[in-house]
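Novice: Input: one structure, supplied below.
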Amino acid sequence: MIHFKAIGKIMGALMFLIGVLMLPAVFFSWIYGENSTPIVISAAISLFIGTIFYFSFAKYDQLIRKREGYLVVTLSWVIMTIFGMLPFFLSAEVSSISDAVFETVSGLTTTGASILTDIEAMPKGLLFWRSMTQWIGGLGIIVLTVAIFPLLGIGGSELFVAESPGPTSDKVHPRISETAKRLWYIYVGLTVLATLLYWVGGMTFYDAINHSLTTMATGGFSTKNASMAFYDSAFIQYVAIVFMFLAGTNFTLIYFGLVGKFSRVLKSDEFKAYAGALILLTLVIFIGILMRSDYPGELAFRKAAFQVVSIVTTTGFVTDDYTQYGMGITFICFMMLFLGGSAGSTAGSIKFVRHVVFLKNSWLEFKRIVHPRAIVPLIINGEMVTGRIINNIMNFLLIYLSTFVVGALTISVLGYDLETSLGAVATCLGNVGPAIGKVGPVDNFAFFSPAAKNILSFLMLLGRLELFTILILFTPFFWRAN
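Position one of the sequence shown corresponds to residue 1 (the UniProt record's numbering), numbered consecutively onward.
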């Protein structure tokens, strides 16, 4: 039996928290002399309904099991979307509910795809809330609430298991709430440091804090129509590259690095694959740019490194239109949409740990064929990977690619060309942002029909919660009583 009243209590706390997180946007509206009413009303609605829900179910303290954990996580992202879209819709800056939902889901899932055609004309307070949605979704609102819910008498272990991205189980502390807190300390600390460096580099404080929020979230929302290309500054762009790289790194490894346990970082097979792939891809794109442009060496390298790190970490910032360098580079950039950063990072897509397991297991399969009676274990980070984890990863890859194919087919049936359909679905499912076709790095998603936007919004949620968390709710045995 599912404990719906305990879930209602959690949803109430979440609604209240969303209302609190809207308040900084009100502050920026006041500073810039804008009409703050839409954001104030949105915050008030979230706080009011959240308070009613929480105290209506406050006495219910049933244990949150794994089944409730998956339901809570999915409902949490639905709730965040419903209340998060209110400032967009009430301000009338976004014309339809489907547009408001798309922009909000894109923010919360850190995809960065946008339906806004003139970002710089948007109110400052609303743009800040737009950036905040990515920062909230970056490490996961559930990780934040896991750190806070123990104060409310709500257990969080199953929520963390359901929401935390990737198949790894490394913990920085045996208590799940302490793990969540330490991850958020790192997340907040890096966000503050990025803000200061952007500010020193020449951004206004408002732009610096917005871009730091979306950099650490690997989200890619910008306050400028031209994204990071607006800032013709090597310092700012290199700062972005460094922090995008860190945001795409397993936060557990960052913690181990900060406390001096460098051996844990160096023995990580995923980190070595992640860093190695970024270096190799940067060199390939760098050579391609040199061959097809007259950029000087440093600028060509910076453009190559920026696009590679931005796409692989699923951030989606733009300093150049990579589709202008020919079909070869365009195809490589499209394939990068399927890489993703590290498990346990704020990045989306498939994640490098799955690629590493898949490639190593495929290579070992040749050895098993030659020596059918031999026991040939798969070793990752010095430890044997169990058959259950291998099976889970293989199933994930199959479902991910199947979802991509079905999604692209669906969008194309709605009347869009194949290149655009493939690009839109790949970038939304991978939570990246820019893609190919009519949704390239200098385009947006405003031209899609409401039906297409709703499908793409669902794909963004599906990708952010790594498929199983949502799809398991559509299975009959999930709802059967134990």
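Note that beta-carbon positions come from the ideal geometry of N, C-alpha and C, so glycine has one too.
Does the separation of the CB atoms of H3 and E68 fall below 8 Å?
Specialist: Closer than 8 Å, so yes.
Novice: Looking at the strands, I want to know which residues DSSP matches up with I379.
Specialist: Paired residue(s): M384.
Novice: Could you please give the first and the last residue of the uninterrupted alpha helix (DSSP H) stretch that includes residue 501?
Specialist: Only positions 1 to 482 of the chain appear in this structure, which leaves residue 501 out of reach.
Novice: Please classify H211: does DSSP put it in a helix, a strand, or coil?
Specialist: Helix.
Novice: Closer than 8 Å by C-beta to L459: which residues in its own chain qualify, once you throw out the five before and the five after it? Chain order, please.
Specialist: Excluding positions up to five away in sequence, the list reads T403, G407, V425, C428 and L429.
Novice: Which first and last residues belong to the alpha helix (DSSP H) in which D269 is found?
Specialist: Start and end: D269 to R292.
Novice: Is it buried or exposed, E466, if we count other Cβ atoms within 10 angstroms and call 16 or more buried?
Specialist: By the neighbour-count rule (16 or more Cβ atoms within 10 Å), E466 is buried.
Novice: Can you find the residues in the same chain that come closer than 6 Å, C-beta to C-beta, to L86, ignoring five residues on each side of it along the sequence?
Specialist: Within the same chain, L86 has close Cβ partners S42.
Novice: By the DSSP assignment, the alpha helix (DSSP H) with Q237 in it spans what residues?
Specialist: Counting along the chain, the alpha helix (DSSP H) containing Q237 begins and ends at A234 to A247.
Novice: Please state whether the Cβ-Cβ distance between A100 and S106 is less than 8 Å.
Specialist: Going by C-beta atoms, A100 is not nearer than 8 Å to S106.
Novice: Can you look up S91 in the DSSP assignment and give me helix, strand or coil?
Specialist: Reduced to three states, the DSSP call for S91 is coil.
Novice: Leaving out five residues on either side along the sequence, give the residues of the same chain with a beta carbon under 6 Å from the beta carbon of F352.
Specialist: So the qualifying residues of the chain are E270, A273, Y274 and S342.
Novice: Whose CA, out of I119, T179 and Y187, lies closest to the CA of K224?
Specialist: When only C-alpha atoms are compared, the closest one is I119.
Novice: Taking Cβ to Cβ, would you say F317 is nearer than 8 Å to A240?
Specialist: Yes, Cβ-Cβ distance for F317 and A240 is below 8 Å.
Novice: Buried or exposed: W363, going by 16 or more other Cβ atoms within 10 Å of its Cβ?
Specialist: Exposed, by the Cβ-count rule.
Novice: I'd like the span of the alpha helix (DSSP H) that includes Y32, first residue to last.
Specialist: No alpha helix (DSSP H) holds Y32; DSSP gives it neither H nor E.
Novice: By the 10 Å Cβ neighbour count, where 16 or more other Cβ atoms means buried, how is K386 classified, buried or exposed?
Specialist: According to the sequence provided, residue 386 is Thr. The question's Lys does not apply to it. By the neighbour-count rule (16 or more Cβ atoms within 10 Å), T386 is not buried but exposed.
Novice: My guess is that Y206 and K124 are in contact by the Cβ rule of under 8 Å, so how many angstroms apart are they, rounded?
Specialist: Right, their Cβ atoms sit about 7 Å apart.
Novice: Could you please give the first and the last residue of the uninterrupted alpha helix (DSSP H) stretch that includes S227?
Specialist: It is not in any alpha helix (DSSP H) - S227 carries neither H nor E in the DSSP assignment.
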